[in-house]
Amino acid sequence: MNKIGPWLKERYDVAPIVDFMRKKKVPMGPGWYWSYMGGVALFLFVVQVCTGILLLMYYRPGINDSFESVQFIVSRVQYGWLIRSLHSWSANFMMLAVFLHMFSVFFQRAYAKPRELTWVSGVILLGLSMFFGFSGYLLPWNELAFFATKVGTEIMGAIPFVGKAMLILLRGGDEVTGATLPRFFGIHVAILPLVFIVFLSLHLAFIQLQGMHESRSFKNLPEEKKRFMPFFPHFILRDMILWLLVLNVVAAFAVFYPWELGTKANLFAPAPATIRPEWFFMFMFQTLKFIPAHILFIEGEVLGILGFLVAFLVWLLVPFIDRSNDDKRYRLIKRIGIVIIVYMTIMTVWGYL
Ligand code: HEM
24 MNKIGPWLKE
34 RYDVAPIVDF
44 MRKKKVPMGP
54 GWYWSYMGGV
64 ALFLFVVQVC
74 TGILLLMYYR
84 PGINDSFESV
94 QFIVSRVQYG
104 WLIRSLHSWS
114 ANFMMLAVFL
124 HMFSVFFQRA
134 YAKPRELTWV
144 SGVILLGLSM
154 FFGFSGYLLP
164 WNELAFFATK
174 VGTEIMGAIP
184 FVGKAMLILL
194 RGGDEVTGAT
204 LPRFFGIHVA
214 ILPLVFIVFL
224 SLHLAFIQLQ
234 GMHESRSFKN
244 LPEEKKRFMP
254 FFPHFILRDM
264 ILWLLVLNVV
274 AAFAVFYPWE
284 LGTKANLFAP
294 APATIRPEWF
304 FMFMFQTLKF
314 IPAHILFIEG
324 EVLGILGFLV
334 AFLVWLLVPF
344 IDRSNDDKRY
354 RLIKRIGIVI
364 IVYMTIMTVW
374 GYL
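Numbering-wise (the numbering used here), the sequence shown opens with residue 24 and increments by one.
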């Protein structure tokens, strides 16, 4: 490092870049350590990209190839089972990290002015992460994934006006068939990574430009009590230690609970008794089950889907809805957040039971 620095300095003016990196400071107010969660989500995304590229070397999309190529990866390719297991476990941990990061940002009200667009880009990243999970689920072409995709796309198809067109576009016809696989494959390995990187770059650029938010309780502290940690190199080095820990946890899960492949999908087989989406869709899936078939003249499922679309829109617009700065409002926001988390947890557990 001692040689690289001067070598670069002699040739390029890197001082503004170093200054820019040094500008960011992490305010160490109450609950400041939650600021590590965004970095954990970022790290797990990098694990996804690396393991995904390795899987691509042997994976073949197609009704006669998908299941067989994954079988080949886990049984014949050196460490193939580990890479596949890491990819699947890390995807789930990434979703968990994204949810934790999002709710910690919500509870700290870090979305407030001037960080509205950081929040909006974050909600888009959440949607894209969920779509990553949904599109990747089908790729091994096993029974569980096949039926879950059938149900998932069916639900999407119930969206008024655009649903049918979306269903046909995604499935490559009316049904989930061999034509669906290359579409999901293209979305999972080309379209989503590209779009994700664009929004991730925006998200990170906003944070770098504006710095990290200071909570109200932190701002109210007397000057001598306000503590900051320089982002570079202090915070990032601690971040890296956490990444190493997270990598160990993911690796332990991948080794001790290798991701199962199940049986190959059979288009003509009857649906299994339990069709399960991935856990992060479960609360929606379970809610839709509870809605009666018809409410007034509207189909229950359509109403449920519309409800979720409205909820997603409200969530996206949170920084524009909550603009006041008083403590009463803050308490209300906290309560709303807790109700949402309790609801999602109960519905998810119920779904599994
Ligand atoms: C894969 C998805 C995501 C990645 C990789 C990511 C990454 C990051 C990173 C590295 C930070 C800076 C450190 C931190 O505060 O944790 C950050 C901050 C932030 N993120 Fe995310 N994020 C993601 C999703 C989200 C979501 C879903 C939301 C909210 C809906 C969100 C909203 C924010 C906000 C408002 C900040 C600024 C926090 C502050 O100034 O203290 N992000 N994100």
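Think of the CB as a built atom: it goes at the ideal place given N, C-alpha and C, for glycine as much as any other residue.
Can you tell me whether residue i sits near the ligand HEM, meaning its C-beta is under 6 Å from at least one heavy atom of the ligand?
i      : result
Leu232 : no
Leu215 : no
Thr141 : yes
Met60  : yes
Met235 : yes
Met252 : no
Leu339 : no
Val221 : no
Ala64  : yes
Leu149 : yes
Tyr134 : yes
Met370 : no
Arg138 : yes
Gly52  : no
Val273 : no
Met263 : no
Val269 : no
Val146 : yes
Pro125 : Before going on, a small fix: residue 125 reads as Met here, not Pro. At least one heavy atom of the ligand HEM is nearer than 6 Å to the Cβ of Met125, so yes.
Val128 : yes
Val362 : no
Val121 : yes
Going by DSSP in three states, residue i sits in which element: helix, strand or coil?
i      : result
Ile191 : helix
Pro50  : strand
His236 : coil
Glu198 : coil
Ile318 : strand
Given a threshold of 16 other Cβ atoms within 10 Å of its Cβ, counted over all protein chains shown, does residue i qualify as buried or as exposed?
i      : result
Pro163 : buried
Phe90  : buried
Ala188 : exposed
Lys47  : buried
Lys173 : buried
Ser240 : exposed
Arg107 : buried
Asn348 : exposed
Phe219 : buried
Gln309 : buried
Arg194 : buried
Thr74  : buried
Phe335 : exposed
Arg358 : exposed
Arg352 : exposed
Since residue i and residue j are thought to touch, with beta carbons under 8 Å apart, how far apart are those beta carbons, to the nearest angstrom?
i      : j      : result
His226 : Ser152 : Wrong, their Cβ atoms sit about 12 Å apart, outside the cutoff.
Gly61  : His110 : Wrong, their Cβ atoms sit about 21 Å apart, outside the cutoff.
Gly52  : Ser224 : Wrong, their Cβ atoms sit about 27 Å apart, outside the cutoff.
Glu177 : Pro295 : Going by Cβ atoms, the distance from Glu177 to Pro295 rounds to 16 Å, so no, they are not a contact pair.
Gln131 : Gly54  : 7 Å
Self-check item: Whole alpha helix (DSSP H) elements within the region 96-145, 4-residue minimum
Solution: Here the runs fully enclosed are 103-130.
Practice problem: Write down every uninterrupted run of the alpha helix (DSSP H) in the region 249-308 whose length is 4 residues or greater and which is fully enclosed by it, in chain order. | Solution: Counting only runs of 4 or more, we get 259-279.
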